[in-house]
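Notes follow once the structure below has been shown.
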Amino acid sequence: MPRCALHLFIYLCAVLSILALVQISLISYGSPDPDRYEVHDGEKPNDNLHFELKKHRLPKCLIIGARKGGTRALVDSLALHPMIKAARREVHFFDRNDTFVRGIDWYKEQMPLSFAHEVTIEKTPAYFPSLVCPRRVYEMDPKMKILLILREPVVRTISDFTQVYYNRLELGKSLPQFEDVIFQNGTNRLATNYKPLRNSLYEIHLRNWLKYFPLSQIHVVDGDKFAMEPLPELRAIEKFLGLPSQIEAASLVWDPHKGFFCFRRSAGRAVHCLGDSKGRAHRPVSPATREKMRIQLLPYNSKLFELLGRRFRW
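FYI, in mature numbering (1 follows the signal peptide of the UniProt record, and there is no 0) the residues of the sequence shown are -20 to -1, 1 to 294.
Written as structure tokens, this is what we have:
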């Protein structure tokens, strides 16, 4: 046999051996891991070529805020939907330069595994007041769907301050008095640059997002209604995301001791509640201070209502 023919014969034998080993491997493993693969309707479940692989995908929807507005409860309740995959931590990709420079591929790897027909959601409340986030999000995906949950701004501000207060307490830092930081230099004028208060100036931050995204891509959730009766708000979100209504009322379990809803993925499963830091008592604030805040926030709220074309009970 000529040398070239012999080499060709040996090469073909090697290729056939490899193919045989691959076939044996597929047979021995059987059906793929159902958590990583999906069989499409009408396809044979033992045909590996027709399985769709789960993979990390960029989010199709962002929960951008507002901080202390109910974002954790919102993402946990949305995760009850079988077609929603939610990132379990705040990634802070768009608002922090040290994470943003890591690039889109890094960001994608932070997302949960999902199929192509599922909706991946990421929640970082710091996105809403950020000046740079709207442009960065738009440049990544101009079709991004955005969820924004808003609470009555005086209550939200006090909740924000309470978290700052306890964070400082844990670190052994000096503890501020609410009236000392919420008003300018001992006056009755609101210190609108104080971060926990500025986070409640919803109209200012929303205008920044509307420079890049139409209102049709921004769904605003009434956080006060959501806290007491979440299902109607969740139904509206399902419609906004183009998903069938599959979050069940039985999955939303009221806890009278905590004073908010907990979640159960299915019958017989354990009920999951938010951590102890959620629902804790706010720092005491006098009715007079609350009223001063309410009156001075009215112009911001009125402008917000004009932007949205709807009113809240504030």
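Quick reminder that beta carbons are idealized off the backbone N, C-alpha and C, glycines included.
Please read all numbers here as calculations on a predicted model, not as lab measurements.
Identify the continuous alpha helix (DSSP H) that holds residue i and give its terminal residues.
{"i": "T79", "result": "77 to 80"}
{"i": "C113", "result": "113 to 120"}
{"i": "G45", "result": "Counting along the chain, G45 falls outside any alpha helix (DSSP H), though it belongs to the beta strand (DSSP E) covering 41 to 45."}
{"i": "I227", "result": "Unbroken run through I227: none, as it is neither H nor E."}
{"i": "T137", "result": "133 to 151"}
{"i": "E159", "result": "158 to 162"}
{"i": "R88", "result": "It is worth fixing the name first, because residue 88 is Lys in this sequence and not Arg. It spans 83 to 89 - the alpha helix (DSSP H) in which K88 sits, taken as one unbroken run."}
{"i": "L58", "result": "51 to 58"}
By Cβ distance below 7 Å, which residues in the same chain neighbour residue i in space, the five residues on each side in sequence not counted?
{"i": "H36", "result": "K88, E89, M91, L93"}
{"i": "Y9", "result": "Note on Y9: pLDDT 32, under 50, position unreliable in the model; the coordinate value appears next. The answer is none, since no qualifying residue turns up."}
{"i": "G50", "result": "I129, R131, G203, F206, A207"}
{"i": "Q276", "result": "L170"}
{"i": "L186", "result": "L284, L287"}
{"i": "P176", "result": "T137, D140, F141, V144"}
By Cβ distance below 6 Å, which residues in the same chain neighbour residue i in space, the five residues on each side in sequence not counted?
{"i": "S180", "result": "P133, R136, T137"}
{"i": "F74", "result": "Y107, C113, R116, V117"}
{"i": "D56", "result": "F243"}
{"i": "H97", "result": "none"}
{"i": "S110", "result": "D75"}
{"i": "L1", "result": "Residue placement at L1 is poorly supported in this model, since its pLDDT is 46, which falls under 50; the coordinates still yield a value, given next. There are no such residues."}
{"i": "Y174", "result": "V161"}
{"i": "K65", "result": "P92, S94, E98, T100"}
{"i": "E218", "result": "S225"}
Checking 7 Å against the spacing of the C-beta atoms, do residue i and residue j come in under that value?
{"i": "Y280", "j": "E150", "result": "no"}
{"i": "A229", "j": "L254", "result": "no"}
{"i": "F285", "j": "R293", "result": "no"}
{"i": "S231", "j": "L33", "result": "no"}
{"i": "V233", "j": "R244", "result": "yes"}
{"i": "H252", "j": "F220", "result": "no"}
{"i": "V201", "j": "E213", "result": "yes"}
Would you mind reading off the limits of the beta strand (DSSP E) that contains residue i?
{"i": "A66", "result": "64 to 66"}
{"i": "H185", "result": "Careful: H185 lies outside any beta strand (DSSP E), inside the alpha helix (DSSP H) at 182 to 190."}
{"i": "K272", "result": "Looking at the DSSP string, K272 is not in any beta strand (DSSP E); the run it does join, the alpha helix (DSSP H), is 267 to 288."}
{"i": "K125", "result": "125 to 130"}
{"i": "residue 296", "result": "Limits of the chain in this structure are -20 at one end and 294 at the other, which puts residue 296 out of reach."}
{"i": "R177", "result": "Inspection of the sequence shows that residue 177 is occupied by Leu rather than by Arg. That residue, L177, is in no beta strand (DSSP E); its alpha helix (DSSP H) goes 175 to 178."}
{"i": "V233", "result": "232 to 235"}
{"i": "F241", "result": "240 to 243"}
{"i": "V99", "result": "99 to 103"}
Apart from the five residues on each side of it in sequence, which residues of its chain come closer than 8 Å, Cβ to Cβ, to residue i?
{"i": "residue 298", "result": "Lying outside -20 to 294, the shown extent of the chain, residue 298 is not represented and no answer is given."}
{"i": "N168", "result": "K272"}
{"i": "A53", "result": "F206, A207, P210, F240, F241, L254, K258"}
Given 8 Å, three or more beta-carbon pairs between the stretch 98 to 110 and the stretch 133 to 141: no
Touching by the beta-carbon criterion (3+ pairs, under 8 Å), the stretch 36 to 50 and the stretch 111 to 128: yes
Touch test, the stretch 152 to 171 against the stretch 257 to 277, Cβ-Cβ under 8 Å, three pairs minimum: yes
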